[in-house]
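Participant: Below are the structure tokens for one structure; questions will follow.
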Amino acid sequence: MCTCITFKNNGFYFGRNLDLERSFGEQAVILPRRCPIRLQNQTLREHPAVIGTAHVADGTPLFAEAMNEHGLCAAGLYFPQNAVYRPPKRGKTNVAAFELIAWVLCRFETAAEAQTALQNVNITDRPFRPDMPATALHWMIADSERCLTVEQTEDGLHVYENKFGVLTNNPPFPFQCENMRTHMALSPYAPENRFAPALSLTPYGQGMGAVGLPGDASPPSRFVRAAFLKHNSVCAKDEAANVTQVFHILDSVSMCKGSVITPQGGLDHTVYASCISTSTNTFYYKTYDNSQITAIRLKEATKNGKTLLTFSFETKQQIRFEN
Numbered sequence: 001m002c003t004c005i006t007f008k009n010n011g012f013y014f015g016r017n018l019d020l021e022r023s024f025g026e027q028a029v030i031l032p033r034r035c036p037i038r039l040q041n042q043t044l045r046e047h048p049a050v051i052g053t054a055h056v057a058d059g060t061p062l063f064a065e066a067m068n069e070h071g072l073c074a075a076g077l078y079f080p081q082n083a084v085y086r087p088p089k090r091g092k093t094n095v096a097a098f099e100l101i102a103w104v105l106c107r108f109e110t111a112a113e114a115q116t117a118l119q120n121v122n123i124t125d126r127p128f129r130p131d132m133p134a135t136a137l138h139w140m141i142a143d144s145e146r147c148l149t150v151e152q153t154e155d156g157l158h159v160y161e162n163k164f165g166v167l168t169n170n171p172p173f174p175f176q177c178e179n180m181r182t183h184m185a186l187s188p189y190a191p192e193n194r195f196a197p198a199l200s201l202t203p204y205g206q207g208m209g210a211v212g213l214p215g216d217a218s219p220p221s222r223f224v225r226a227a228f229l230k231h232n233s234v235c236a237k238d239e240a241a242n243v244t245q246v247f248h249i250l251d252s253v254s255m256c257k258g259s260v261i262t263p264q265g266g267l268d269h270t271v272y273a274s275c276i277s278t279s280t281n282t283f284y285y286k287t288y289d290n291s292q293i294t295a296i297r298l299k300e301a302t303k304n305g306k307t308l309l310t311f312s313f314e315t316k317q318q319i320r321f322e323n
């Protein structure tokens, strides 16, 4: 399970929690402009530089979330039972699920460009390797102007405008949008007495305008909670404040070990949280065992390289001792 958000406040930010039972071998990755990458069974030798999180297999970055140098961002989130991949189709742009993020970020500069191209896409069931079958996913693609949700289900490929700037997991995106109407009365302000005019009722504490805000870890609840906090967020407009705020929002939908136990006895938890700043081309992250924020920058000198750069996640807790 995962949660992804956009955040705009004098800059554009793209954040996500990766919630799983265990690490999937994730690393921070920089794919320079001239580093070849295989897409659609062909080698793309030049493309925009990309930074994000990936599992590197056979030298290929399999991105979980990333941004290209133009500020276009994308993330894949778990979408079991609903994602439907199909064999390649004649006349369609056939893209395997594992390469969709790289395909978008290496070919397009804006979400609008990606949206146009996606109209003819067929997401295929081609695995990366025989021992690495396709994972059931849906995607969020965004820049500072547009946010899209991409789902391929039984009735075909759908590209939705995502006005909430939030994505979690099941059910499909139309349900999440409809479910938001259930929570339209939530407010960050103190409530007024609407129970009965004859009764003198007043709040007995702060935060009662949001009584009913879902607090569990289910995908619909995380969707509502992340959207509520994001759209009512107040913070300063500098980079540090915005990055801090994104992580606060992600923390509100994070999972601690033991709170979500899978049918197989696994412990779902937030393996890592990330925040990408498109204004400064910086990738920030923290892990379950290390709450210190680590930053990796996509520098100009790095963009023109020919070699994939990888950075192991820092998983040992960093504690500052004052005495």
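Residues 1 to 323, numbered by the UniProt record's numbering, are exactly what the sequence shown covers, in order.
Note that beta-carbon positions come from the ideal geometry of N, C-alpha and C, so glycine has one too.
When DSSP builds the beta bridges, which residues end up paired with GLU65?
Facilitator: Here the question's residue 65 lines up with position 65 in the sequence shown. Bridge partners of GLU65: THR53 and ALA75.
Participant: If I follow the unbroken alpha helix (DSSP H) through THR161, where does it start and stop?
Facilitator: Translated into positions along the sequence shown, residue 161 becomes position 161. The sequence given here places Glu at residue 161; Thr does not occur at that position. Taken as a continuous stretch (DSSP letters only), GLU161 belongs to no alpha helix (DSSP H), being part of the beta strand (DSSP E) at 156-161.
Participant: If residue 332 and GLU69 are in contact, beta carbons under 8 Å, what's the gap, nearest whole angstrom?
Facilitator: Nothing can be reported for residue 332, as the shown portion of the chain is limited to 1 through 323.
Participant: Can you say whether VAL121 is buried or exposed, counting buried as having 16 or more other CB atoms within 10 angstroms of its CB?
Facilitator: Position 121 of the sequence shown, counted from the first residue, corresponds to residue 121. It is buried - the Cβ of VAL121 has at least 16 other Cβ atoms within 10 Å.
Participant: Please report the distance separating the alpha-carbon of ILE141 from that of ASN17.
Facilitator: In the sequence shown, residue 141 corresponds to position 141, counting from 1. In the sequence shown, residue 17 corresponds to position 17, counting from 1. Each residue's alpha carbon lies about 15 Å from the other.
Participant: At what residues does the beta strand (DSSP E) containing residue 331 begin and finish?
Facilitator: Nothing about residue 331 can be read from this structure; the chain reaches only from 1 to 323.
Participant: Does the contact criterion of 3 or more C-beta pairs under 8 Å hold for the stretch 297-312 versus the stretch 268-283?
Facilitator: The stretch 297-312, when compared against the stretch 268-283, does touch it at the 8 Å Cβ threshold.
Participant: Write down every uninterrupted run of the beta strand (DSSP E) in the stretch 260-288 whose length is 3 residues or greater and which is fully enclosed by it, in chain order.
Facilitator: For the stretch 260-288, whole beta strand (DSSP E) runs of length 3 or above, ordered along the chain, are 267-277 and 282-287.
Participant: Would you call the CB atoms of VAL166 and ALA226 closer than 7 Å?
Facilitator: Within the sequence shown, the letter at position 166 stands for residue 166. Within the sequence shown, the letter at position 226 stands for residue 226. For VAL166 and ALA226, yes; Cβs fall inside 7 Å.
Participant: Tell me, which residues are paired with HIS138 by DSSP?
Facilitator: Position 138 of the sequence shown, counted from the first residue, corresponds to residue 138. The partner list for HIS138 (beta bridge, DSSP) reads LEU77.
Participant: Answer yes if the stretch 192-207 comes into contact with the stretch 142-161, meaning at least three C-beta pairs across the two stretches below 8 Å, and no otherwise.
Facilitator: In short, these stretches do not touch, since the Cβ pair count stays below three.
Participant: Using only CA atoms, which one of HIS269, GLN152 and ASP131 lies nearest to PRO174?
Facilitator: Mapped onto the sequence shown, residue 174 falls at position 174. Measuring from the Cα of PRO174, the nearest candidate turns out to be GLN152.
Participant: Give me, in chain order, the residues of the same chain whose beta-carbon lies closer than 7 Å to that of ASN290; leave out the 5 immediate sequence neighbours on both sides.
Facilitator: Sequence index remark: in the sequence shown, residue 290 carries index 290 (1-based). Closer than 7 Å at the Cβ level, and outside the excluded window around ASN290, lie GLU314, THR315, LYS316, GLN317 and GLN318.
Participant: By DSSP's criteria, ALA28 is part of a beta bridge. Which residues make up the other side?
Facilitator: Stepping through the sequence shown from its first residue, residue 28 is reached at position 28. Note: ALA28 sits in a beta bridge opposite THR53 and PHE311.
Participant: How would you label VAL234, buried or exposed, when you count the other beta carbons within 10 angstroms and need 16 or more for buried?
Facilitator: Looking up residue 234 in the sequence shown gives position 234. Classification of VAL234: exposed, given that the 10 Å Cβ count is below 16.
Participant: Can you list, in chain order, the residues of its chain whose CB lies under 6 Å from that of SER23, leaving out five sequence neighbours each side?
Facilitator: Stepping through the sequence shown from its first residue, residue 23 is reached at position 23. Closer than 6 Å at Cβ, skipping near neighbours: VAL271.
Participant: Which class does ASP143 belong to by DSSP, given the choice of helix, strand or coil?
Facilitator: Translated into positions along the sequence shown, residue 143 becomes position 143. DSSP places ASP143 in coil when its eight states are reduced to three.
Participant: Tell me the DSSP secondary structure of GLY15 in three-state form.
Facilitator: On the sequence shown, position 15 is the one that residue 15 refers to. Here GLY15 sits in strand by DSSP.
Participant: Hey, out of LEU20, VAL56 and GLN264, whose CA is closest to THR307's CA?
Facilitator: Counting from 1 along the sequence shown, the entry for residue 307 is found at position 307. Comparing Cα-Cα distances from THR307 to each of LEU20, VAL56 and GLN264, the minimum goes to VAL56.
Participant: Using the Cα positions of CYS106 and ARG126, report the straight-line distance between them to the nearest angstrom.
Facilitator: Numbered from 1 along the sequence shown, position 106 holds the residue referred to as residue 106. Numbered from 1 along the sequence shown, position 126 holds the residue referred to as residue 126. Going from the Cα of CYS106 to the Cα of ARG126 covers about 20 Å.
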